[in-house]
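Numbering (this note's numbering), first residue to last: 138 to 649.
For every residue, glycine included, the Cβ atom is placed at its ideal position computed from N, Cα and C.
Written out below as structure tokens is the structure these notes cover.
Here you go:
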């Protein structure tokens with residue numbers, strides 16, 4: 138039976154050197170009070186130190202002074218294992234300065250590693266991540282010199298090479314739920330996702346560790362199948378009446394938590410009323426071209442950044458009721474939220490756990506995905522997670538793009554000051570960006586063209602001035618927008634020869 142204790146009492150059981158699993162997706166389901174209490178203990182006593190933190194996604198709130206990260210920035214952590222880093226600026230600094238060991242693994246692999254830990258496996262074997270940066274032949278998951286552990290190996294089965302992810306041994310689980318009943322059963326009715334809370338609990342219990350859960354209060358209004366974590370599996374419960382569903386948002390729209398049911402028309406109205414107002418010509422042009430790849434009945438994932446605008450454009454064209462949008466943390470249907478609420482979905486039809494979502498993705502269930510890229514090379518490989526001084530992390534990108542039937546990169550042609558204007562159906566480059574995004578070779582491989590060729594993926598690279606497709610030998614220029622000079626605005630701006638579709642002159646795209 139779980140004990141009801143204060144946050145300070147709960148974290149007092151954590152010992153030096155513990156391996157801690159944190160169930161969070163950026164600002165969602167984030168056990169902020171527990172992390173804050175752990176940091177307070179370290180600041181006062183210097184213990185517990187030498188910790189390893191494992192989170193399938195990340196647990197930051199996009200602010201450098203975030204209390205969630207304080208146990209890391211204060212010096213209590215020796216190692217972090219995350220799929221996503223961008224929301225954790227303090228941790229990024231620690232990793233890039235080689236002050237703590239940093240590892241970056243695909244979200245889907247980490248999710249399944251937790252599930253495998255629950256069942257007592259030593260390894261998780263998959264083709265996910267093969268030929269990408271995480272593959273040992275390309276350096277593995279290590280981000281700096283302090284990262285010395287080999288979390289990813291390889292194995293050949295029946296002549297085929299797979300990746301072999303080592304399963305962690307969890308000592309502690311830090312989890313945020315919404316409510317508990319008199320028996321300590323945990324529900325998540327105010328959260329936008331559950332991630333892999335139950336699997337993490339089971340993994341910790343199997344290893345003889347302690348499960349700590351924070352909730353907002355008590356409830357007796359529940360059905361048995363609404364319980365996400367059985368009270369019999371929980372060691373300590375901390376009541377935090379002031380906890381918020383999404384960090385950084387004092388008031389959370391009920392549509393994010395499912396308290397407000399929304400039809401497709403209502404979801405569309407909400408998105409157009411509350412969504413981002415697109416005043417950036419670059420993003421607007423890309424979204425208008427990219428949305429044309431949607432087709433009725435498609436199951437889709439829309440990534441963060443420029444791809445978010447594709448969802449807004451789909452709403453403008455009243456397409457949300459004809460496609461199913463998904464988010465990797467488990468939301469199916471509705472419209473993915475942006476900003477600090479990313480991971481939530483407005484009017485989601487249902488929410489499954491992360492491992493189940495990645496089962497669907499890894500199995501090739503996605504018809505289409507929209508993603509961004511920092512750079513693309515002549516072969517069609519893409520880097521979407523790392524550049525010098527900037528660490529975004531791979532997140533769910535690898536699993537999403539490695540198996541989707543069609544991959545659409547929605548990205549600017551250059552970065553660092555690019556200015557574009559669209560008027561009367563024509564595009565004009567006012568100022569070229571200082572940083573080319575189409576390069577000879579990418580710095581790190583987030584998406585491998587060889588994998589795409591292997592499964593016959595259709596791949597497009599849609600920019601504000603033109604469209605490339607992935608051909609057998611690399612990029613092929615297939616569309617140029619009206620107003621764009623083929624030589625001056627495209628070919629002279631790329632450092633490698635580009636194949637041109639013979640029908641290019643017939644492929645001028647009217648933007649509407």
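Determine whether the beta carbon atoms of residue i and residue j lie at a separation below 7 angstroms.
| i | j | result |
| --- | --- | --- |
| residue 485 | residue 473 | no |
| residue 336 | residue 255 | yes |
| residue 292 | residue 301 | yes |
| residue 635 | residue 612 | yes |
| residue 338 | residue 366 | yes |
| residue 317 | residue 351 | no |
| residue 220 | residue 242 | yes |
| residue 418 | residue 604 | no |
| residue 375 | residue 144 | yes |
| residue 250 | residue 261 | yes |
| residue 507 | residue 447 | yes |
| residue 535 | residue 266 | yes |
| residue 368 | residue 322 | yes |
| residue 284 | residue 240 | yes |
| residue 231 | residue 191 | no |
Kindly indicate which three-state DSSP category residue i falls into: helix, strand or coil?
| i | result |
| --- | --- |
| residue 152 | coil |
| residue 456 | coil |
| residue 177 | helix |
| residue 482 | strand |
| residue 204 | helix |
| residue 386 | coil |
| residue 589 | helix |
| residue 218 | strand |
| residue 299 | strand |
| residue 406 | helix |
| residue 374 | strand |
| residue 169 | helix |
| residue 210 | helix |
| residue 525 | coil |
| residue 468 | strand |
| residue 400 | coil |
| residue 664 | Only positions 138 to 649 of the chain appear in this structure, which leaves residue 664 out of reach. |
| residue 618 | coil |
How should residue i be labelled, buried or exposed, when 16 other C-beta atoms within 10 angstroms of its C-beta is the threshold for buried?
| i | result |
| --- | --- |
| residue 402 | exposed |
| residue 493 | exposed |
| residue 278 | buried |
| residue 203 | buried |
| residue 397 | exposed |
| residue 320 | exposed |
| residue 276 | exposed |
| residue 362 | exposed |
| residue 182 | exposed |
| residue 553 | exposed |
| residue 360 | exposed |
| residue 713 | No information on residue 713 is available, as it lies outside the stretch 138 to 649 that the chain covers here. |
Just curious, the alpha helix (DSSP H) that residue i is in, first and last residue?
| i | result |
| --- | --- |
| residue 419 | 418-427 |
| residue 325 | Counting along the chain, residue 325 falls outside any alpha helix (DSSP H), and DSSP gives it neither H nor E. |
| residue 656 | The question about residue 656 has no answer here: the residues shown for the chain are numbered 138 through 649. |
| residue 539 | 534-540 |
| residue 244 | 244-255 |
| residue 335 | 334-343 |
| residue 228 | 226-233 |
Please report the straight-line C-alpha distance between residue i and residue j, rounded to a whole angstrom.
| i | j | result |
| --- | --- | --- |
| residue 471 | residue 543 | 21 angstroms |
| residue 404 | residue 245 | 28 angstroms |
| residue 348 | residue 408 | 38 angstroms |
| residue 707 | residue 233 | Nothing can be reported for residue 707, as the shown portion of the chain is limited to 138 through 649. |
| residue 600 | residue 154 | 47 angstroms |
| residue 198 | residue 164 | 5 angstroms |
| residue 444 | residue 271 | 24 angstroms |
| residue 560 | residue 620 | 9 angstroms |
| residue 142 | residue 372 | 10 angstroms |
| residue 531 | residue 517 | 18 angstroms |
| residue 344 | residue 280 | 28 angstroms |
| residue 384 | residue 167 | 7 angstroms |
| residue 156 | residue 585 | 32 angstroms |
| residue 392 | residue 327 | 11 angstroms |
| residue 441 | residue 497 | 20 angstroms |
| residue 627 | residue 563 | 15 angstroms |
| residue 186 | residue 238 | 14 angstroms |
| residue 253 | residue 304 | 7 angstroms |
| residue 432 | residue 460 | 7 angstroms |
| residue 582 | residue 520 | 5 angstroms |
Just curious, the beta strand (DSSP E) that residue i is in, first and last residue?
| i | result |
| --- | --- |
| residue 239 | 238-241 |
| residue 393 | Counting along the chain, residue 393 falls outside any beta strand (DSSP E), though it belongs to the alpha helix (DSSP H) covering 391-394. |
| residue 559 | 556-560 |
| residue 547 | 543-547 |
| residue 331 | Premise fails: residue 331 is in no beta strand (DSSP E) and is neither H nor E. |
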